[in-house]
Amino acid sequence: MYLDFKYYQTEYGGKLFENEDAFKPYERKAERRINTATRDKLTFAFPIEEKDVAAVKDCLCELAEFLLRVDQFQEAASTSVGVVVQEDGTVKGKVITSVTSGSESRGYSAGGTIATAIADAAKNRKVFDIAVYTLVKDGLSGVPDANGVNLLYAGPYPVR
């Protein structure tokens with residue numbers, strides 16, 4: 000593991016994860032994605048410069064938060080979607096816009112859209128993969144490993 004929950008809270012300033020148990024699975028998922036994007040360079044040549052180590056850790060934190068938000072969106076969507084049958088017999092998609100607990104009242108919006116990167120990524124695997132790679136690319140571009148090789152360099156590894 001490349002970072003811990005303490006780094007997430009103190010150095011990165013993260014607030015989305017309540018505790019270490021909630022953070023760990025997303026940190027592991029983020030780590031796997033970064034290892035894939037870097038062709039496992041971090042496993043054998045983790046950066047040694049402090050600023051480069053921080054770049055890797057910050058990228059992991061940002062990616063872990065993104066993965067959490069996508070999961071939260073998918074969870075919310077699965078409990079708030081369905082169909083509304085109109086008086087004329089047409090059927091439209093619904094999204095819950097409000098819920099009242101007293102005597103169970105729900106409000107629905109038919110046909111509304113949410114246009115965010117998280118919503119798009121949650122709905123489309125290709126968009127999700129592009130968003131993940133974009134986060135990794137933005138976070139690790141120009142960051143060298145311990146041997147001075149760019150972490151995102153995709154050619155044959157020149158030093159081993």
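Throughout the sequence shown, residue numbering follows numbering that gives the first Met the number 0, covering 0 to 159 in sequence.
The beta-carbon is built from N, C-alpha and C at its ideal position, and this holds for glycine as well.
query: Which residue or residues does DSSP assign as beta-bridge partners of N149?
result: Looking at the DSSP assignment, N149 forms a beta bridge with P143.
message: Between D51, I33, I47 and Y6, which has its C-alpha nearest L62's C-alpha?
response: Distances from the alpha-carbon of L62 to those of D51, I33, I47 and Y6 put I33 closest.
Cβ shell of A118 (< 7 Å), same chain only, five flanking positions each side left out: Leaving aside the five residues that flank A118 on each side, the residues in its chain whose CB is nearer than 7 Å to its CB run, in chain order, F72.
message: Is the beta carbon of L15 closer than 8 Å to that of L67?
response: With respect to L15, L67 sits close: the two C-beta atoms are nearer than 8 Å.
message: Measuring alpha carbon to alpha carbon, tell me which residue in Y6, L150 and D144 is nearest K136.
response: The residue from Y6, L150 and D144 with its alpha-carbon nearest to that of K136 is L150.
query: Can you tell me the Cα-Cα spacing of A153 and R38, whole angstroms?
result: Taking the straight line from one Cα to the other gives about 7 Å.
message: On the criterion of 16 or more Cβ atoms from any shown chain inside 10 Å, does A187 qualify as buried, or is it exposed?
response: The chain is shown only over 0 to 159; residue 187 falls outside these bounds and no answer can be derived.
message: Buried or exposed, going by whether 16 or more other CB atoms sit within 10 Å of the CB of F22?
response: By the C-beta density criterion, F22 is buried, having at least 16 other C-beta atoms within 10 angstroms.
query: Which of helix, strand or coil does DSSP assign to D119?
result: It is helical.
Coil, strand or helix - A44 by DSSP: Three-state result, A44: coil.
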